[in-house]
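Peer 1: Just so we're on the same page, the working numbering is the position in the sequence shown counted from 1, plus 615.
Sharing a structure below in structure tokens format, with a few things to ask.
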Amino acid sequence: MTIAGGRHHPRPHLLPDLHGHGLRLRPWDGDSEADAEIWFRGRTDPEFQRWNTPLKITSDLDSARDSLRASAENVASGNSAAYCITDAATGAPLGHVGVNVIDRLMSCARVGYWVLPEARGRRVATHALTIAARWALAEPDGLGLHRLELGHAIGHDASCHIAERCGFRYEGTLRGAMWEAERQDAFRDVHLHARLATDPDVTP
């Protein structure tokens with residue numbers, strides 16, 4: 616698949632496995648009960664809920680299944696690339712990283728991630744984001760995007776540090792750009808970071 620300017624994009628349903636830093640990033644399986652259970656654990660974790668308010672709240676395993684299937688549909692339609700982060704040696708699930716809201720015309724997307732409690736403190740998010748970002752910005756074997764954006768709620772210092780380590784420069788504050796924790800009727804400010812394909816590579 617090619618867009619104006621000759622940038623090449625692989626078909627979204629053929630997402631490749633990505634490797635590096637002792638991790639394997641594999642596409643989520645929307646029909647897998649095991650993956651639904653991992654998705655449920657990640658999205659009901661108190662730390663996830665503190666900093667994220669999804670459009671559809673995950674409250675039980677059934678809603679986790681629905682959310683995971685919706686994510687798989689977004690991948691199939693080319694709107695996102697969602698990966699389960701796993702330990703390359705054992706296959707143990709560690710978290711999630713996604714390239715979301717892919718805009719082919721403007722050649723940009725947003726990235727997001729979460730890590731399971733037992734995997735924290737091991738730089739899993741930093742390494743997974745680095746791997747995913749390199750692939751998303753690369754061509755011809757990646758998505759070939761020009762710009763990736765990363766937004767996090769103000770006060771989420773850990774996410775701010777991860778963004779900076781992965782080469783996502785701080786660009787400013789977006790006022791009222793994210794829902795408050797577990798609410799969809801109140802908003803909070805967001806720090807915006809971004810990385811361009813023309814930025815120098817980083818080794819976190």
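The C-beta atom is built at its ideal place from N, Cα and C for all residues, glycine as well.
Remember, it's a predicted structure, so these values are computed and weren't measured experimentally.
1) Which residues does DSSP pair with leucine 789 in a beta bridge?
2) Between the C-alpha atoms of threonine 818 and cysteine 781, what's the straight-line distance to the nearest angstrom?
3) What is the DSSP secondary structure of glutamate 610, reduced to helix, strand or coil?
4) Which stretch, first to last residue, makes up the alpha helix (DSSP H) that contains leucine 683?
5) For glycine 787, which residues in the same chain have their Cβ closer than 7 Å to its Cβ, ignoring the five residues on either side in sequence?
6) For tyrosine 698, count neighbouring C-beta atoms within 10 Å of its own C-beta (all shown protein chains included) and say buried if the count is 16 or more, exposed if not.
7) Restricting to runs no shorter than 3 residues, where is the beta strand (DSSP E) found entirely within the stretch 720 to 754?
8) Tell me which residues share the same chain as phenylalanine 802 and place their Cβ nearer than 8 Å to its Cβ, disregarding the 5 neighbours each side in the sequence.
9) Starting from cysteine 775, trace the alpha helix (DSSP H) in both directions and tell me its first and last residue.
10) With respect to the beta strand (DSSP E) encompassing isoleucine 672, which residues constitute its N-terminal and C-terminal limits?
11) Just confirm the distance between the C-beta atoms of glutamate 754 and cysteine 723, as a whole number of angstroms; I'd bet it's less than 8 Å.
12) For the beta strand (DSSP E) holding aspartate 800, just list the boundary residues, first then last.
13) Please state whether DSSP places aspartate 814 in a helix, a strand or coil.
14) Going by the C-beta, is alanine 697 closer than 6 Å to any heavy atom of the ligand SAM?
15) For aspartate 660, name the three-state secondary structure that DSSP assigns.
16) Starting from threonine 701, trace the beta strand (DSSP E) both ways and give me its first and last residue.
17) Look at the alpha carbon of leucine 630 and the alpha carbon of leucine 640, and state the distance between them as a whole number of angstroms.
18) Measuring CB atoms only, is the stretch 689 to 705 touching the stretch 662 to 671, in the sense that at least three cross pairs come out at less than 8 Å?
19) Got a sec? Which residues, its chain only, sit under 8 Å from arginine 684 by beta carbon, not counting five neighbours each side?
Peer 2: This is what the structure holds:
1) Taking the sequence shown and counting its residues from 1, the one referred to as residue 789 is at position 174. Answer is Val805, bridged to leucine 789.
2) Position 203 of the sequence shown, counted from the first residue, corresponds to residue 818. Position 166 of the sequence shown, counted from the first residue, corresponds to residue 781. Going by the C-alpha atoms only, they are around 8 Å apart.
3) Nothing can be reported for residue 610, as the shown portion of the chain is limited to 616 through 819.
4) Position 68 of the sequence shown holds residue 683. It spans 676 to 691 - the alpha helix (DSSP H) in which leucine 683 sits, taken as one unbroken run.
5) Here residue 787 is taken as the residue at index 172 of the sequence shown, counted from 1. The answer, listed in chain order, is Leu807.
6) If you number the sequence shown from 1, residue 698 lands on position 83. Buried.
7) You should have 723 to 730.
8) Translated into positions along the sequence shown, residue 802 becomes position 187. The residues are Gly791, Ala792, Met793, Trp794 and Glu795.
9) Residue mapping note: residue 775 aligns to position 160 of the sequence shown, counting from 1. Here the alpha helix (DSSP H) through cysteine 775 covers 772 to 780.
10) Translated into positions along the sequence shown, residue 672 becomes position 57. Element bounds for isoleucine 672: n/a, residue is neither H nor E.
11) The count along the sequence shown starts at 1 and reaches residue 754 at position 139. The count along the sequence shown starts at 1 and reaches residue 723 at position 108. Rounded, the Cβ-Cβ distance is 14 Å, inconsistent with contact.
12) In the sequence shown, counting from the first residue as 1, residue 800 sits at position 185. Segment: none, aspartate 800 is in no beta strand (DSSP E) and carries neither H nor E.
13) Against the sequence shown, residue 814 aligns to sequence position 199. Aspartate 814 falls in the coil class under three-state DSSP.
14) What this structure holds is no ligand at all, so the ligand SAM is not there to describe.
15) Sequence index remark: in the sequence shown, residue 660 carries index 45 (1-based). The answer is coil: DSSP assigns aspartate 660 none of H, G, I, E or B.
16) Here residue 701 refers to the residue found at position 86 when the sequence shown is read from its first residue. First-last of the beta strand (DSSP E) with threonine 701: 696 to 702.
17) Taking the sequence shown and counting its residues from 1, the one referred to as residue 630 is at position 15. Taking the sequence shown and counting its residues from 1, the one referred to as residue 640 is at position 25. So the alpha carbons of these two residues sit roughly 10 Å apart.
18) Contact fails: fewer than three Cβ-Cβ distances are below 8 Å.
19) The residue given as residue 684 occupies position 69 in the sequence shown. These residues qualify, in order along the chain: Gly645 and Asp646.
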